[in-house]
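Reviewing the structure listed below.
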Amino acid sequence: MKLDTGSFELSVDTIIEAPRASRGAADAARYLAELWRRTNGMMLALRSSSADASTDSLIRFERHPGYGPEAYRLEVAPHRIIVSASTATGLFYGAITLWQLMPPGAKRAAIAAQTINDEPRYAWRGLMLDSARHFQSPAFIRSMIDWMAWHKLNELHWHLTDDQGWRLQIRKYPKLTSVGAWRLPATIPGAPNPQPYGGFYTQAQVRSIVAFASTRHVRIVPEIEMPGHAQAAIAAYPGLGAVDGHPPLPVSARWGVHSHLFNLEPGTFEFLKNVLNEVMELFPSRYIHIGGDEAVKDEWIASHAVQARARQLGITDPNALQTYFTQTLSRYLSAKGRRAVGWDEILQPGLGSDAVIMSWHGTSGAHAAAIKGNDTVLAPDPTLYLDHRQSALPDEPPGRLAIISLKNVYDFEPADPGLSPAQQRHVLGIEAQLWTEHIQSEARIEWMALPRAAALAEVAWSSAPRNWPDFLERLLPMFVRYRVYGLDYADSAFGIRHEFAGGEHGIRVTLGNLAELDQAALGTQIHYTLDGREPRADSAHYAQPLELEAGAEISAATFLGSQQASRTWRVRLDEHSGSRRFSTELEPCGNGVGLLLEPDRARRDAAPLAVDIMNPCWIDRAVDLTRGPQFSAAVAPLPFNYELGADTAHIRIGDSRTPAGELEVHVDGCETPAVAALPLAAAAGRPGVSILPAAKLPALTGRHDLCLRFARPHLDPLWALDWAQIGE
Ligand code: ACM
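FYI, in the working numbering the residues of the sequence shown are 1 to 728.
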C-alpha cells in the first residue's frame with residue numbers, strides 16, 4: 001500500500017461503473033453497492049459504460065491481464081477510484097476492501113488517495129462447519145457464506161455426515177435421511193421420553209446454496225465421513241456395518257470416538273461410490289473430503305467378514321486396511337477429475353500423492369504431508385478449534401473449557417521453518433473448525449466464529465507482520481458491520497471481567513478486562529453507571545474497586561475513545577454476591593476433558609456449567625471459612641453421553657454413601673477426609689440446576705482451599721456444580 005496526496009470524496013453522488021466487456025465487473029459493482037446500502041444506508045448509482053464522463057466522483061471496476069488469480073489493485077485518486085483485477089474473484093475482493101475503507105454508518109467520507117496491490121498469502125482460507133452434530137438451517141448456511149466472503153475466506157468445508165446425523169439427501173438411498181437425519185437426544189436417567197430432533201438438506205437446497213456460494217467466491221468442500229464416524233449411515237443401512245450379527249444401531253446421541261466402522265464388502269464400496277456420484281453432481285468443488293479420522297480398528301480386527309476380506313487382499317495391518325479403503329475411493333474421485341481430502345490419519349504408507357491432508361493433530365500432519373509431497377491444509381487442534389470458549393468470562397456459551405482466545409488465533413503462525421521452499425508450496429492454507437457437539441444454536445455458532453474468523457482471515461490472507469492492538473482497533477468497525485447484519489459476535493476480547501468479595505462496608509467490586517486486551521497500547525477505558533442507565537463514554541471512569549451495598553445495580557462497558565467496544569455488562573448485587581462462586585470461577589481439579597455444558601437442554605437461558613467429565617471436581621481457592629459454618633451448593637445432573645473408549649476406565653466415580661451419591665467437601669486437598677457430604681437425592685432425576693440442602697462445616701477459621709467433588713454410584717448421570725457458597 002502506498003499513500004498519495006489528496007483524497008476521494010465518497011458520497012451519494014458517487015457513481016459506480018462496470019464496463020460490460022469486463023466479466024465480473026458488474027457483479028462486483030452491484031455487490032459493493034449492496035454492502036454500502038446495508039452498512040451505510042447509501043444508494044449509489046451503477047452504470048455499465050462511460051457514456052457520460054462528466055462525473056467527478058467515479059468508482060470503476062476493470063479487468064486487466066497480469067494479476068494473480070485472487071489479486072486486485074485499488075487506485076484511489078481525488079476524482080477516480082479504479083479497481084483492477086484479472087479475474088472476477090479479484091474484482092470481488094477489491095470491492096470488499098473498498099467497502100471497508102468507508103466507516104460503517106457514514107454517508108460521506110474522504111478516502112485518502114492511495115494505491116493498494118493485494119493478494120492472499122494462502123489459496124485455502126477456510127472454515128469447517130459441523131452440520132452433523134447439530135443441524136443448521138439453509139438460511140444460516142447462506143448467511144455464513146456471506147460473512148465468510150467479507151472476510152475473504154473462500155473455503156467452506158461442510159461436515160455433512162457423522163455418527164450423530166446424516167444431513168445430505170441422497171436420492172438412491174432415502175433412508176440415509178429418513179432414518180439417519182434424526183436422533184433421540186441424550187437425557188438423564190428417569191427423564192421422560194424425548195422427541196427426536198434433527199434435519200437434512202434436500203438436493204434442491206444444496207444446489208441453491210452452492211449457487212449462492214459461487215456469487216460470493218466461496219467454494220464448498222463437502223465431507224462424507226468414512227470408514228469411521230459412520231454410525232448414522234449404518235443405522236440407516238445396517239448391512240454397511242462391520243459387526244457380525246449386531247442388532248441395529250441407533251443414530252448416536254453420544255459424543256466422542258465411536259467404534260462402528262463401514263465394512264469392506266464390495267457392496268459397501270458400491271454404496272459409497274454411488275453416494276459420491278450424487279455428491280459430485282451437487283458440488284462442483286475439485287476437493288471432496290472423505291474424512292478418515294478416529295477410525296479405531298477394533299471392529300475390523302474382530303469381524304470374521306472383514307478379516308476374510310483382508311486375507312483376500314493380502315493385508316494384515318489394520319492401518320493398511322484403512323489405506324486400502326481410502327485409496328479405493330480416492331482413486332475413484334481422481335478418475336472423475338476430483339481430489340480426495342482426508343484428516344491426517346490417512347497419511348500412511350501407500351497413500352497416493354494427490355490426496356490432500358488436513359492436519360488436525362496440531363501441525364505435525366501438515367509437516368509430514370509436505371515432506372512426503374502431499375498438499376495439506378493446517379487445521380490444528382486446539383488453536384483453530386473454535387468450539388473452545390474464548391475467555392473465562394461467565395457469558396461464554398457451551399463448548400470446550402480450555403480457552404482459545406481471539407489472540408491465540410491471531411498469533412497462530414502457519415509458516416513452518418522446517419520445510420524447504422518447495423515443501424512449503426504444499427501448504428495450501430489454513431482452516432478453523434466449528435464442531436457443534438456443544439453448540440446447539442445458530443446464534444452460538446456465530447458467537448464462536450466471530451470475531452475469531454476475522455483473526456483467522458488476517459493470518460490466512462496477509463503476509464504483513466501482525467499487530468495486535470492495531471487489529472483490535474480495526475475490529476470495532478467490523479463489530480458495527482456484524483450488528484448491521486444481525487450477527488451474534490463475541491465481544492469477549494473487550495468484555496468486562498468482575499470480581500466480588502466481602503468488603504468492609506458491603507461488597508467490593510473489582511472490574512477489569514482480559515489481560516490480552518493490551519489496554520496500555522490501545523487506550524481503552526471502563527465507564528460505568530450505578531443508576532441503571534447505559535454507560536457512555538462520559539459516564540464515571542472506573543479507576544479502582546468500588547464498595548457497594550446489596551441492591552446496587554452496576555452497568556459497565558469498555559470504551560475506546562467515544563466508541564463502546566464491549567456490550568454492556570450489568571448486574572444487581574445481592575446478599576450472595578460476595579460469597580457465591582460459580583463453576584466457571586473455580587479451578588478444575590484435574591486436566592481431563594473440560595467442557596462447558598448446558599444444565600438443561602430445554603432451557604437455553606441457563607448459564608452453562610464448567611465440568612471435567614473425567615473428574616467432576618473443583619477447587620475453590622482461599623475461601624474465608626470464618627464467614628460461617630453453612631456450606632450450600634447448586635448442582636445439576638447431566639446425561640453421561642460420551643464415548644471415551646478405554647479412557648472410560650479412568651473416570652473418577654468416587655465412593656458414594658447413598659443411592660444417588662453426594663457432593664463432598666474437602667478442606668486443603670481432595671484426599672483429606674470429607675468434612676461434609678451433601679446428598680444428591682433432592683436433585684436426582686430433575687433436569688436443570690437444583691439447590692442442595694445446606695450442610696454445616698466444622699468450626700474453622702481463616703482461608704482454605706476447598707475441594708468439591710462428586711461421589712456417584714454410576715457414570716450416568718454426570719454431576720456438575722453450578723455454584724458453591726459459605727455463609728452464616
Ligand atoms: C477431528 O477432530 N476428529 C478431525
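Ideal Cβ placement from N, Cα and C applies to all residues, glycine included.
Spatially closest choice to residue i from the options, by CA coordinates
i           : options            : result
residue 227 : 261, 154, 340, 697 : 261
residue 219 : 155, 177, 187      : 155
residue 640 : 676, 621, 671, 593 : 593
residue 100 : 447, 408, 475      : 475
residue 696 : 677, 605, 246, 39  : 677
residue 343 : 337, 360, 335, 349 : 360
residue 292 : 236, 351, 2        : 351
residue 723 : 135, 513, 608      : 608
residue 212 : 230, 147, 69, 236  : 147
residue 631 : 706, 422, 558, 658 : 706
residue 692 : 669, 635, 720      : 635
residue 70  : 48, 49, 125        : 125
residue 194 : 484, 230, 253      : 253
residue 277 : 335, 372, 583, 181 : 335
residue 200 : 611, 217, 232      : 232
residue 657 : 668, 472, 679      : 679
residue 415 : 367, 444, 390      : 367
residue 683 : 179, 127, 720      : 720
Closer than 8 Å: residue i CB and nearest the ligand ACM heavy atom
i           : result
residue 647 : no
residue 265 : no
residue 375 : no
residue 381 : yes
residue 433 : yes
residue 293 : yes
residue 468 : no
residue 255 : no
residue 158 : no
residue 360 : yes
residue 719 : no
residue 618 : no
residue 723 : no
residue 343 : yes
As assigned by DSSP and simplified to three states, the class of residue i
i           : result
residue 811 : Past the edges of the chain, shown from 1 to 728, lies residue 811, and the structure says nothing about it.
residue 7   : strand
residue 564 : strand
residue 364 : helix
residue 701 : coil
residue 626 : helix
residue 582 : strand
residue 556 : strand
residue 138 : helix
residue 114 : strand
residue 42  : coil
residue 667 : strand
residue 332 : helix
residue 479 : helix
residue 169 : coil
residue 31  : helix
Test item: CB-CB of residue i and residue j under 9 Å
i           : j           : result
residue 619 : residue 714 : no
residue 133 : residue 435 : yes
residue 184 : residue 176 : no
residue 487 : residue 143 : yes
residue 687 : residue 191 : yes
residue 275 : residue 224 : yes
residue 650 : residue 614 : yes
residue 341 : residue 289 : yes
residue 310 : residue 330 : no
residue 207 : residue 287 : no
residue 72  : residue 46  : no
residue 32  : residue 16  : yes
residue 383 : residue 427 : no
residue 358 : residue 392 : no
residue 493 : residue 472 : yes
Within-9 Å CB hit, residue i to chain D
i           : result
residue 689 : The chain inventory of the structure shown lacks chain D, comprising one protein chain alone.
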